[in-house]
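Note sheet for the following structure.
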Amino acid sequence: MAAQQRLSGPAALPALYRAVQAARLYPDSKTLADMPLAAPTAEVEAAFTALELPDAPEQRRAVLAQFCGRWLLPAGSDVLPAAAPQLAAGPSPGWLPLAAPSAAAHPERHSLLVPPGTEGAPFVMPSANRFREQYYWDTLFSLQGLLVCGLVDLARTILATMLAAVEPYGHMPNGMRSYYLNRSQPPLLSQMVAAVHAAAPDPALLRRALAALQKEHAYWTSGAKQVTLLGADGRQHRLSRYCADWNQPRPESYREDVATAEGLDEAAARRLWRDLASAAESGWDFSSRWLADGRSLASCRTTAVVPVDLNAMLYQMECNIAGFAEQLGETAVAAAFRQHAAARLAAIDALLWDGSSGQWRDLIMGEPEAQGQPSSKPASASAAVEGSPPAPALAVAGSARGAAASELQPPSPGEIAGAAGVAPAVCSSYRHSDVVAASNWLPLYCGCAQAGSSQAAAAVASLRRSGLLQAAGVAVTLSETGQQWDWPNAWPPITAMLIEGCAAAGGTEGQQLATQLAQQYLTTAHAAWRQSGRMHEKFDALHCGAPGGGGEYACEDGFGWTNGVALSLLQRFGWQAGAAAAAPTDDPPTSAATMRRSLFAAALALCLLGLAAAQAPPGFDCSQLPNDWGQDQDQNNNNNNNDNEPWQALATAPGQNVYQQVYNTFLSRYGSNPPSGWDTSCSWNASAVGCQQNYGWGQWTGMNQALQINYTCGDNVLGMIADVNYNDNYVNVDDLDVFALWVNGALQAGSNIDENSLAWWEGNNDVWGSFYNLMQENNNDNNNDNNNNNNNNNNDNQNNNNNNQNNNNNDNQNNNNNNNNQNN
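Mapping the sequence shown onto UniProt numbering, position 756 (from 1) lands on 756, and the numbers just tick up by one.
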């Protein structure tokens, strides 16, 4: 329990945190929450206490900025690119990072969580920008994408990390940051276990998962998360609600929460902050589902809502746990969870199903006092769970320097769990919500309606006429509030669950609707990529390919669940171009192969970096470079003067600084007369790095070892090779001996490009073929697609005549585009 309440990193220093957030040093509140401390917590705190802060705002801001530059490290510096034995994936797009060693060695300095035993294990980030950690429900859809790619071992590793989080914390946190420990997210862990186990049965992993899932189930069915509702017949039904263990501003949205509670007294502010955190726990942050007036965040009342989707997912979890227990011979556990599932389904049918409209609906309970809302009064020391000190306050009142007596204190574990006398909610006054939300049909996905039943058919029919199905996607609600989980946004995970739910409903109507929505999603995702080169976390349901909007932050690109859903749908439904009219695009794909190439090559970086982490390119480990690599001598020990300096550090510590030196050398030698189309002002980033070897060529018989780096900038790809040639007599570093440049999908030649080296490279497919062809063909895919569709984008003018030959048998390799390049 102590781990659940203890903050770490800057949020553990409330005076510092409050002062920096008030000064608005960083546009996003989350930036400060993610910045590691550069020294022990006590040392940073002492330094801040000794700091003299001017009263003048600009001077104060400058002093704080200087302090943060000295005592805090950049946000994101606690994650590193995933490194396989022969390849290290660069930070862009940053799909599969590792926690920095210091995050495990000095956890108090970092908000990043590293569960015991997971040090050095890769995890999945949804994007490489704002979301610099793994998230709970996002991971299901990312895992599905990995499994489509055949990366079962990697999926198993990521699942094991999540199980390792449940074991000490009692639940899977919202995300892998200490400030997320106060809440969870939609409980889909059992679905992840089912997916991975189906791909590669593993009784040991299943047994470990069974224990973790029982802990997770207890978390959702006890304390303030459990509600008891009295039916019309007087029968008691137990369901669950979102209720975060938190009643102050969220560290990652500190300024926003302070502003939302402006003008409220302390008790009202605490209730609001709990409801805001509980809405974040739902994954739908924020939506009219949680707003009493349907418009403003200040009316948020998440804990007054008994959500359809949460209880349907818990029913699904209970069924899954029973099934896992049966497989393992745990008959008592299986029987208990069959009973849990039956009781929950009866409650869902009795209270949440609305037969008159053919859908399930959220319940709105009465006033907070009638709900058993946890008290806003701080729990006494005796009420708190033993050995679990309260977290530091992140107050909005009081002095700018330290904690005043009147400042808000976070809830203790005892207050939340009921140890302070807070009973689970009991409610006899409630009503159906009138919000039309896509969540009303998620029970289809969770198996709450029997396949082929009249209930399932009614639900499919009501979804068709709900008004949510639009030209470019499924809107999550019909309420236009400016919040990101409202009209007109369409979210990939919701769409994916609706598709699976309709398919599972049975009957022709359900299958037809599932196929229609799948085709529509793929068309929208493809259009987004073709229009912007990006895959968005959410889409505009009205405009094909357009990103969604609203909410507390700009629409993120990447994006884990967007890519994973696309992969899963391509695998299950394929691409039927003739039926794509459900969401037309100006540039529709012309064939299944073209669609697969475009989405696999351009959008699915998740699969790319999964391959990077799981499958090394042919050759040798970068760590096996000769000890004297970095010298530059011929057989007579004469210095060859081949610009040796940039390579010195590579022998011991390849890294971004070295990759930048490599690029700077390239720029200095060829930037004055660059190949046509190469933008020397572009910000090029190392996106894939590895080592390979070959066995000499022509008159040379010495071994050739080489560092290879892909750089990307927008749609351009720069592939660079740095050779290390040696035999028994000498070591020779030939920097940039072989390199290639693709501009807008076309391989460049002439104008300072070494054509002889390129010809050799292309001719040595037995050694370099995978790496060379992957880069060449996948970049040509874009050009070929554009020409086939009469598209006048930048790729049109430089099409390679061999595109069609190169692409015939390489659909599964065409994954290398934009920031998603991979040496394979």
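We put the CB at the ideal spot given by N, CA and C, even for glycine.
A quick note: this is a predicted structure, and the numbers were derived from the prediction, not measured.
Cβ separation of residue i and residue j, assumed to be a contact under 8 Å, to the nearest whole Å
{"i": "THR302", "j": "ALA279", "result": "4 Å"}
{"i": "ARG207", "j": "LEU64", "result": "About 51 Å separates the two Cβ atoms, so there is no contact after all."}
{"i": "VAL333", "j": "ALA325", "result": "4 Å"}
{"i": "LEU264", "j": "VAL306", "result": "LEU264 to VAL306, Cβ: 25 Å. No contact."}
{"i": "LEU113", "j": "MET176", "result": "4 Å"}
{"i": "GLU509", "j": "ALA449", "result": "Going by Cβ atoms, the distance from GLU509 to ALA449 rounds to 13 Å, so no, they are not a contact pair."}
{"i": "GLY283", "j": "SER479", "result": "With 8 Å as the limit, GLY283 and SER479 do not qualify as a contact, their Cβ atoms being about 17 Å apart."}
{"i": "ALA39", "j": "TRP71", "result": "6 Å"}
{"i": "ALA459", "j": "GLY506", "result": "Not really, about 11 Å apart at Cβ, beyond 8 Å."}
Rounded C-alpha distance that separates residue i from residue j
{"i": "PRO115", "j": "MET162", "result": "8 Å"}
{"i": "PRO547", "j": "ALA528", "result": "8 Å"}
{"i": "GLY473", "j": "TYR26", "result": "34 Å"}
{"i": "VAL308", "j": "LEU363", "result": "8 Å"}
{"i": "ALA155", "j": "ALA164", "result": "14 Å"}
{"i": "SER178", "j": "TYR169", "result": "11 Å"}
{"i": "VAL436", "j": "GLN236", "result": "27 Å"}
{"i": "GLN59", "j": "ASP28", "result": "21 Å"}
{"i": "GLU252", "j": "LEU143", "result": "26 Å"}
{"i": "GLN185", "j": "ALA47", "result": "37 Å"}
{"i": "LEU272", "j": "THR481", "result": "18 Å"}
{"i": "LEU7", "j": "PRO187", "result": "23 Å"}
{"i": "VAL565", "j": "GLY234", "result": "43 Å"}
{"i": "ALA438", "j": "ALA541", "result": "13 Å"}
{"i": "TRP647", "j": "LEU80", "result": "Its pLDDT being 35, under 50, TRP647 is placed unreliably by the model, and the measurement read from it follows with that caveat. The alpha-carbon atoms of TRP647 and LEU80 are separated by roughly 22 Å."}
{"i": "PRO443", "j": "LEU276", "result": "25 Å"}
{"i": "ARG530", "j": "THR523", "result": "10 Å"}
{"i": "PRO36", "j": "TYR521", "result": "39 Å"}
{"i": "ARG255", "j": "GLN66", "result": "21 Å"}
{"i": "ASP55", "j": "ASN489", "result": "44 Å"}
{"i": "CYS446", "j": "SER127", "result": "27 Å"}
{"i": "ALA525", "j": "SER454", "result": "33 Å"}
{"i": "VAL426", "j": "THR221", "result": "14 Å"}
{"i": "ALA471", "j": "ALA62", "result": "50 Å"}
{"i": "TRP290", "j": "LYS225", "result": "16 Å"}
{"i": "PHE286", "j": "ALA304", "result": "15 Å"}
{"i": "ASN182", "j": "SER77", "result": "24 Å"}
Selected residue, minimal CA-CA separation from residue i, among the options
{"i": "SER288", "options": "GLU509, PRO201, THR31 and TRP487", "result": "TRP487"}
{"i": "TYR180", "options": "TYR219, PRO201 and ASP245", "result": "ASP245"}
{"i": "ARG431", "options": "LEU229, GLN248 and GLN512", "result": "LEU229"}
{"i": "ASN311", "options": "VAL227, ASP293 and ARG338", "result": "VAL227"}
{"i": "ILE158", "options": "GLU133, PRO168, ASN320 and GLY170", "result": "GLU133"}
{"i": "ALA461", "options": "ASN489, LEU513, GLU500 and GLU480", "result": "LEU513"}
{"i": "SER568", "options": "LEU146, GLN66 and ASN489", "result": "LEU146"}
{"i": "GLU108", "options": "ALA47, GLY9 and GLY175", "result": "GLY9"}
{"i": "GLU318", "options": "VAL79, ARG241 and LEU345", "result": "LEU345"}
{"i": "VAL44", "options": "ILE348, ASP34 and LEU13", "result": "LEU13"}
{"i": "ALA298", "options": "HIS217, HIS106 and ARG274", "result": "ARG274"}
{"i": "ALA211", "options": "ALA341, PHE337, THR139 and PHE141", "result": "PHE337"}
{"i": "GLN316", "options": "GLY501, ALA268, GLU262 and ALA204", "result": "GLY501"}
{"i": "GLU262", "options": "GLY231, GLU281, TYR242 and SER296", "result": "SER296"}
Own chain partners of residue i with C-beta closer than 8 Å, once the 5 adjacent residues on each side are dropped
{"i": "ALA400", "result": "Unreliable placement is indicated for ALA400, whose pLDDT of 36 sits below 50; the coordinate value is still reported in the next sentence. Closer than 8 Å at Cβ, skipping near neighbours: ALA15, ARG18, ALA19, ALA22 and LEU53."}
{"i": "ASN320", "result": "SER190, GLN191, VAL193, ALA194 and LEU213"}
{"i": "LYS215", "result": "VAL166, GLU167, GLY170 and HIS171"}
Same chain, Cβ closer than 7 Å to residue i, five either side skipped, listed in chain order
{"i": "GLN571", "result": "VAL148"}
{"i": "ALA759", "result": "In this prediction, ALA759 scores a pLDDT of 41, lower than 50, which makes its location untrustworthy; no coordinate-derived value is stated."}
Check: residue i C-beta below 7 Å from any heavy atom of the ligand HEM
{"i": "VAL196", "result": "You won't find the ligand HEM in this model; it holds no ligand whatsoever."}
Per DSSP, cross-strand counterpart(s) of residue i
{"i": "HIS237", "result": "LEU229"}
{"i": "HIS432", "result": "LEU363"}
{"i": "ASN247", "result": "ASN247 pairs with nothing; no bridge assigned."}
{"i": "THR477", "result": "ALA437"}
{"i": "TRP353", "result": "TRP360"}
Beta-carbon contacts of residue i that lie in its chain and below 6 Å, excluding the five residues immediately before and after
{"i": "HIS197", "result": "LEU206"}
{"i": "PRO492", "result": "TRP561, THR562 and VAL565"}
{"i": "ALA292", "result": "SER299 and ARG301"}
{"i": "LEU468", "result": "ALA438, VAL474 and ALA475"}
{"i": "ARG250", "result": "ASP257 and ALA277"}
{"i": "LEU140", "result": "LEU188, GLN191 and MET192"}
{"i": "ALA75", "result": "THR31, ASP34 and MET35"}
{"i": "TYR219", "result": "GLY170 and HIS171"}
{"i": "MET497", "result": "LEU442 and TYR445"}
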